[in-house]
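One gets my numbering by counting positions in the first sequence from 1 and adding 1 to each.
In this text, a Cβ means the ideal position worked out from N, Cα and C, and glycines have one as well.
Please read these numbers as outputs of a predicted model, since none were measured by experiment.
Reviewing the structure listed below.
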Amino acid sequence: MENAQIARALETIATLMELKDETYYRVLGYRRAAESVAAVGRPAYEIQDLRELPHVGGTIAQVIKDLAEDRTPKVLTDLLEEIPSGLVEVTRLPGVGPRTAGRLWRELGITSVEDLAELEEGTLASLKGFGRKSEERILRAARTYNSRERRMLLDEAAALGEHLLRFVRSHPACVEAEIAGSLRRQKETIGDLDLVAASRQGKALADAFAEAPFVDEVVAHGPRKVFIKCRGVEVDLRIVRPEAFGSLLHHFTGGQAHNIALRERAVKIGLNISEYGLAKLGTGEYEPVGTEDKVYERLGLQYIPPELREDTGEISAAQKGELPALVELGDLRGDLHVHTNWSDGKGTIETMAEAAIEPGYEYLVFCDHSQSLKVANGLSPGRLVKKLEAVRAADEKYPEIRLLCGSEVDILKDGTMDYEDDLLAELDFVVASVHTSFRMGEEAMTERIVRAMNNPYVRTIAHPTGRILNRRDPYEVDVSRLILEAKATNTALELNSAPERLDLAVPYMREAVDAGVRITIDTDAHDEVGLGFVKFGISQARRAWVEKESVINCLPLAEFEEYLKSGK
DNA sequence: GCCGTTTTCGGCCCGACTGTTTTCAGTCG
Numbered sequence: 002m003e004n005a006q007i008a009r010a011l012e013t014i015a016t017l018m019e020l021k022d023e024t025y026y027r028v029l030g031y032r033r034a035a036e037s038v039a040a041v042g043r044p045a046y047e048i049q050d051l052r053e054l055p056h057v058g059g060t061i062a063q064v065i066k067d068l069a070e071d072r073t074p075k076v077l078t079d080l081l082e083e084i085p086s087g088l089v090e091v092t093r094l095p096g097v098g099p100r101t102a103g104r105l106w107r108e109l110g111i112t113s114v115e116d117l118a119e120l121e122e123g124t125l126a127s128l129k130g131f132g133r134k135s136e137e138r139i140l141r142a143a144r145t146y147n148s149r150e151r152r153m154l155l156d157e158a159a160a161l162g163e164h165l166l167r168f169v170r171s172h173p174a175c176v177e178a179e180i181a182g183s184l185r186r187q188k189e190t191i192g193d194l195d196l197v198a199a200s201r202q203g204k205a206l207a208d209a210f211a212e213a214p215f216v217d218e219v220v221a222h223g224p225r226k227v228f229i230k231c232r233g234v235e236v237d238l239r240i241v242r243p244e245a246f247g248s249l250l251h252h253f254t255g256g257q258a259h260n261i262a263l264r265e266r267a268v269k270i271g272l273n274i275s276e277y278g279l280a281k282l283g284t285g286e287y288e289p290v291g292t293e294d295k296v297y298e299r300l301g302l303q304y305i306p307p308e309l310r311e312d313t314g315e316i317s318a319a320q321k322g323e324l325p326a327l328v329e330l331g332d333l334r335g336d337l338h339v340h341t342n343w344s345d346g347k348g349t350i351e352t353m354a355e356a357a358i359e360p361g362y363e364y365l366v367f368c369d370h371s372q373s374l375k376v377a378n379g380l381s382p383g384r385l386v387k388k389l390e391a392v393r394a395a396d397e398k399y400p401e402i403r404l405l406c407g408s409e410v411d412i413l414k415d416g417t418m419d420y421e422d423d424l425l426a427e428l429d430f431v432v433a434s435v436h437t438s439f440r441m442g443e444e445a446m447t448e449r450i451v452r453a454m455n456n457p458y459v460r461t462i463a464h465p466t467g468r469i470l471n472r473r474d475p476y477e478v479d480v481s482r483l484i485l486e487a488k489a490t491n492t493a494l495e496l497n498s499a500p501e502r503l504d505l506a507v508p509y510m511r512e513a514v515d516a517g518v519r520i521t522i523d524t525d526a527h528d529e530v531g532l533g534f535v536k537f538g539i540s541q542a543r544r545a546w547v548e549k550e551s552v553i554n555c556l557p558l559a560e561f562e563e564y565l566k567s568g569k
């Protein structure tokens with residue numbers, strides 16, 4: 002079983018335990034362990050001592066081991082004997098938690114969302130503690146439930162977030178406002194949006210937000226908090242007075258696990274943390290904190306950038322003053338993987354070059370598709386030679402930027418490259434990737450890519466797992482092995498910045514960089530606008546603790562050319 | 001369940017809002 006599935010299983014165990022009314026901290030233990038497993042790139046079955054993962058002790062280590070080796074752990078078997086598995090889904094309905102789901106099961110025999118949806122009106126309202134409103138809300142949730150929830154890609158979430166943020170900021174009662182939550186942490190996909198604002202007239206701002214034109218539904222509405230739905234997305238706005246804005250921003254940037262760990266730590270040094278500030282333990286007298294870095298300072302920690310706030314080791318690193326100097330957008334000197342209308346891109350060599358001059362890039366590598374990828378108008382060897390000449394000519398025209406000609410060469414089914422080595426040798430840079438025969442099985446796919454890595458001209462493997470978020474799972478491939486081979490062959494791994502890809506994914510990327518593998522952060526842009534998506538590649542790299550020293554396209558032009566000249 | 005700058009046992013985050021309540025439990029983030 003893979004790490005993502007193991008994490009889901011641990012999550013299920015936690016929810017089943019909640020339904021059983023198990024001790025809160027036991028449940029929390031499984032939840033935290035689930036996050037730890039999800040965040041690690043190395044497959045669990047390869048990890049010698051699972052207890053090295055945060056929040057994994059002897060008991061859960063054994064549970065993970067069972068799951069990794071495709072056995073059902075006893076704790077899960079026992080739980081499933083007692084509690085119908087369909088109830089887990091019932092707890093995912095908005096407004097329905099474990100207590101409610103448990104009562105529905107015990108008192109009405111409900112064992113699934115479908116059962117609930119078919120319930121007659123009035124049945125629910127007759128239960129003690131339930132009224133007409135509760136019934137209406139729960140039934141509606143059950144009847145409109147869609148198990149395949151679609152999470153927003155980063156670019157859509159960012160666009161919506163900015164739109165809502167502009168509204169909040171433009172209100173006269175707003176002093177300051179920011180996007181918080183998972184969007185600020187730049188998670189790879191976004192479920193809901195969190196906005197925070199500072200105001201002296203919180204209620205006025207809250208009311209205005211609840212009545213804004215983009216609001217489809219008001220879920221909750223108080224003076225400090227408004228919870229709305231907008232285009233099917235849940236949006237939370239929280240408001241405090243300006244003095245406490247740092248505390249609020251910090252509190253709602255999360256993640257949940259990071260906040261809990263931080264508050265536990267604070268208690269140990271005699272402090273409570275909330276969105277209103279810091280208080281001496283137990284006094285409830287919160288002293289507001291205006292900025293986030295002050296929050297960390299008061300806790301004796303280095304400032305932790307939002308992208309790292311997941312409780313995956315950042316707190317102890319910050320305590321020791323050992324946080325990485327994360328790569329920044331401004332560190333990038335070029336893009337090594339963009340397309341043009343020579344294959345399936347929309348931009349021309351010239352328009353793409355001009356778009357790359359804009360952010361101050363020192364170099365740009367055009368990598369159009371190779372011959373066998375006919376659907377993408379892949380270049381025959383003859384056309385590739387012509388394009389090489391065209392790029393050389395364009396390079397003369399733009400002294401501001403070095404234009405180079407590469408290719409995104411298909412890795413054929415047997416692991417050979419889609420052009421002869423003689424031709425690859427003519428190119429400035431070779432990106433290799435898989436676009437066909439995705440379902441050949443893990444072993445064959447791994448061998449296929451490893452063979453490509455051993456080609457002396459292949460510099461980087463583009464979108465190494467082939468996933469398309471919300472649409473296509475990654476193909477089966479042994480990423481740990483790819484990381485080892487990348488290191489051995491001095492081949493880079495690409496972090497593809499396209500919001501629907503973000504491939505290689507963060508947990509793997511962190512493993513790769515830890516193993517000393519260098520990476521390329523590219524856009525795979527097919528038009529000028531696409532170049533701008535590099536900010537998402539950068540944020541994913543930051544989430545993976547990447548420093549600029551690991552990134553090939555952070556090299557200044559002279560050093561980059563040196564790297565090209567020296568071969569692999 | 002996990003974990004250790006008080007602890008290997010006894011601790012273990014914090015608050016807003018809602019609905020159905022006469023004082024609070026449940027849900028959510």
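Straight-line Cα distance separating residue j from residue i
{"i": "L365", "j": "K388", "result": "15 Å"}
{"i": "K188", "j": "Q541", "result": "8 Å"}
{"i": "Y287", "j": "R32", "result": "29 Å"}
{"i": "T124", "j": "K230", "result": "28 Å"}
{"i": "R152", "j": "E501", "result": "11 Å"}
{"i": "E177", "j": "R393", "result": "49 Å"}
{"i": "I358", "j": "I402", "result": "7 Å"}
{"i": "V28", "j": "M18", "result": "6 Å"}
{"i": "T341", "j": "N147", "result": "39 Å"}
{"i": "C406", "j": "V451", "result": "24 Å"}
{"i": "A126", "j": "E119", "result": "15 Å"}
{"i": "T490", "j": "I111", "result": "57 Å"}
{"i": "I48", "j": "L155", "result": "31 Å"}
{"i": "V236", "j": "S200", "result": "18 Å"}
{"i": "L385", "j": "L532", "result": "23 Å"}
{"i": "L20", "j": "L117", "result": "16 Å"}
{"i": "L184", "j": "G283", "result": "32 Å"}
{"i": "G346", "j": "P360", "result": "20 Å"}
{"i": "L279", "j": "A262", "result": "15 Å"}
Classification of residue i by the beta-carbon crowding that lies within 10 angstroms, buried from 16 upward
{"i": "E308", "result": "buried"}
{"i": "K549", "result": "buried"}
{"i": "A5", "result": "exposed"}
{"i": "P465", "result": "buried"}
{"i": "D415", "result": "exposed"}
{"i": "V241", "result": "buried"}
{"i": "T24", "result": "exposed"}
{"i": "E397", "result": "exposed"}
{"i": "I61", "result": "buried"}
Proximity to residue i [Cα-Cα], best of the options
{"i": "E444", "options": "A489, G59, Y476", "result": "Y476"}
{"i": "F253", "options": "A221, K295, A181, K281", "result": "A181"}
{"i": "K66", "options": "P55, P44, V518", "result": "P44"}
{"i": "E265", "options": "R239, Y304, T292, S317", "result": "S317"}
{"i": "I539", "options": "V507, H527, E560", "result": "V507"}
{"i": "K295", "options": "R334, H164, A245", "result": "A245"}
{"i": "L424", "options": "W106, Q372, T461", "result": "Q372"}
{"i": "L565", "options": "A354, L337, K21, D479", "result": "L337"}
{"i": "H259", "options": "G379, E315, D422", "result": "E315"}
{"i": "G30", "options": "I14, M454, D79, N273", "result": "I14"}
{"i": "G467", "options": "V432, A453, L503, E486", "result": "L503"}
{"i": "F215", "options": "L165, I261, L238, R100", "result": "L165"}
{"i": "L302", "options": "Q320, A69, L374", "result": "Q320"}
Beta-carbon contacts of residue i that lie in its chain and below 8 Å, excluding the five residues immediately before and after
{"i": "G223", "result": "A207"}
{"i": "K536", "result": "L330, S498"}
{"i": "G568", "result": "P457"}
Cβ shell of residue i (< 6 Å), same chain only, five flanking positions each side left out
{"i": "R482", "result": "T447"}
{"i": "D332", "result": "K549, C555"}
{"i": "E218", "result": "K230"}
8 Å Cβ cutoff met for residue i and residue j
{"i": "V38", "j": "I84", "result": "no"}
{"i": "E363", "j": "L558", "result": "yes"}
{"i": "A142", "j": "G96", "result": "yes"}
{"i": "A545", "j": "R519", "result": "no"}
{"i": "L196", "j": "I139", "result": "no"}
{"i": "R473", "j": "G42", "result": "no"}
{"i": "R149", "j": "G255", "result": "no"}
{"i": "I412", "j": "R449", "result": "yes"}
Own chain partners of residue i with C-beta closer than 7 Å, once the 5 adjacent residues on each side are dropped
{"i": "T292", "result": "G247"}
Cβ-heavy atom distance, residue i to the ligand NAP, below 7 Å
{"i": "K347", "result": "Judged by which ligands are present, the structure shown has none, so any question about the ligand NAP falls away."}
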